[in-house]
Each structure stands twice: as structure tokens, then as C-alpha cells.
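Peer 1: Numbering (the working numbering), first residue to last: 57 to 282. Idealized CB from N, CA, C, for every residue including glycine. All figures in this text were calculated on a predicted structure; none of them were measured in a lab. Shown below is the structure under consideration.
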Amino acid sequence: MRLAVLGAGNLNDVDLHPLLQRFHQITLLDWDRNAVVAGVERQAKVHEDLWPSDRIEIPPAIDLSTHSSELQSLEPFQVIASVGLLSQMIERELAQLAGLGVNDPVVISERLHHVRTRHFEIIDRMLSPEGTALLTTEFVSSDTLPGLAQVPEEQLAPVLRDAMLAGNFFSGMQPASVLDSARQVFQAGHRRIEPGTPWLWDFGPRTYAVVPYFILPPRRSISPRH
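Encoded structure:
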């Protein structure tokens, strides 16, 4: 199987060695190719057979926010992992809107919806018909939710639910909004999306609550036997 990692960055949250046990080729995509190469070389110090390897592909820097010709030229993947990329693009869009002095909530909401749907469209085009994808998004951090790092795993979901009701989450990352944007892209029924169980990501100076989403092939109906 072939795996594409969107937003690979410096691979702080991607462990290539176990992934190579499951995939015969891994393509690492990011805006910053140098960061990806540095991340691979860092992991290769522990696993010397990791790099160089014809099983790891690092294309030139690609704009992952548009339907670029570079993305369209890639062969379909059986599995795609978008690791925090949507959160980065939402943050970038918010910064651009702020720079333009845009503060109309309706306009901002529409722009963020556009960013989300565009990302799902790109994943849709890159996936093989029966492919699956994992999308991870940062929902809230310990900067605005003190004590997040100490929340037990079994209590995380209700804590995040309370944070959402209080409006304490990253703009554009409310699960209902993410699911709505995805379902508009997959409304033909050729794919479905399901949220997963959130987890905590220790990023050193702060902790993030991460909400995963799984993009899956449609459920197959089973004809009753006569």
C-alpha cells in the first residue's frame, strides 16, 4: 500500500520506522521540503536503513492548499494522513483576514468553510476509490484550558464538550463544522467521515487536545438471502 502524509513538516509526530513495516511506499508532502528532509535524516540516525530509501518519497515543496498540478500528477494513494494541516491552513486564513481588517463573523465563517471543503476535496482527489484517510485537528490547547495536560483519558471527551459549549476552541475547528464541510464534499455517498476518540498531544510548552476524523469508503449494503 502507498501512504501520503500531508503536512509532514519536521516529522515530530510521524514515526517512519513502524510505518515502513506496513506501507511499501511513503510520500511526505509539505510546504517546506527542507524541514521534511531534516526530519527524515534525524530519524535515520536511530534507524540507519531508513534513509536514503526508494520507499520514502519527498517531492519538491508543494502548496497543499490548492488543487495544484503537482498534487494532481500524483498517483492515487490507498491511505492518506493529514497531520494537523487543516489547523495550520485555518490559522493562516485567519491571519490573512485579520491583516485585511475583516472582522465580519459571517464572512469569516464562510472563508473557513471554504478552507475546510477545499482540503477535503484535495484528499478526495488523492485517495483511491476504496482508500481511507486520517485527519487530525487541534481543538484546544492548555493556553486557554489550564490543566488540560492532567485530564485523564476517560474524562477528556466531556471536558472538551464543556470547552466547546463555552466557546473555548480554535476557530473553525468545531467538530460539527468540520463534519458539515466534509459531508458536502462527500454528499454523493462515495465516501463517509466519522469522528474518532480525542487524545492529548504533549508539545512541550503546551498540550493540545487532538480530534481525529476518519474518511472511509461507503458502507456496503448486504442483500438479504431468499
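Determine, using beta-carbon pairs with one atom in the stretch 186-205 and one in the stretch 132-141, whether at least three such pairs fall under 8 Å.
Peer 2: Segments in contact, yes.
Peer 1: Cα separation between P132 and H123?
Peer 2: When rounded, the distance between both Cα atoms is 14 Å.
Peer 1: Spell out the partners DSSP gives A213 in its beta bridges.
Peer 2: A213 pairs with nothing; no bridge assigned.
Peer 1: For T173, which three-state DSSP category applies?
Peer 2: Note: T173 maps to helix in three-state DSSP.
Peer 1: To the nearest angstrom, how far is it from the Cα of L42 to the Cα of E104?
Peer 2: Any property of residue 42 remains undetermined from this structure, which presents the chain solely from 57 to 282.
Peer 1: Candidates Q99, F79 and R248: which alpha carbon is nearest I179's?
Peer 2: If we check each option's Cα against that of I179, R248 comes out closest.
Peer 1: I need the boundaries of the alpha helix (DSSP H) containing P261, first residue and last residue.
Peer 2: Here P261 belongs to no alpha helix (DSSP H), and DSSP marks it neither H nor E.
Peer 1: Can L106 and L59 be called in contact, C-beta distance under 9 Å?
Peer 2: No; because the gap between Cβ atoms is not below 9 Å, this pair is not in contact.
Peer 1: Taking the C-alpha atoms as reference points, what is the distance between A222 and A91?
Peer 2: For A222 and A91, the distance between alpha carbons rounds to 36 Å.
Peer 1: What alpha helix (DSSP H) runs, 4 residues minimum, are completely inside the stretch 189-241?
Peer 2: Fully enclosed alpha helix (DSSP H) runs of 4 or longer: 212-221 and 231-241.
Peer 1: Among G65, V266 and F270, which has the Cα closest to the Cα of S197?
Peer 2: Looking at the Cα atoms, V266 is the closest of the given residues.
Peer 1: Let's see if you can read the secondary structure: which residues bound the beta strand (DSSP E) around V61?
Peer 2: First-last of the beta strand (DSSP E) with V61: R58 to L62.
Peer 1: With the cut-off set at 9 Å, would you say Y264 and F195 are in Cβ contact?
Peer 2: The answer is yes: Cβ separation under 9 Å.
Peer 1: Over what stretch of residues does the alpha helix (DSSP H) that includes S138 continue unbroken?
Peer 2: Per DSSP, S138 belongs to no alpha helix (DSSP H); it is in the beta strand (DSSP E), F133 to V139.
Peer 1: Rounded to whole angstroms, what's the CA-CA distance from G155 to A94? Just pull it up for me.
Peer 2: Roughly 32 Å separates the two Cα atoms.
Peer 1: So which of V70, E113 and A232 has the shortest CA-CA distance to Q99?
Peer 2: When only C-alpha atoms are compared, the closest one is V70.
Peer 1: Can the beta-carbon of V215 be found less than 9 Å from the beta-carbon of L201?
Peer 2: Yes, the pair counts as a contact, with Cβ atoms nearer than the cut-off.
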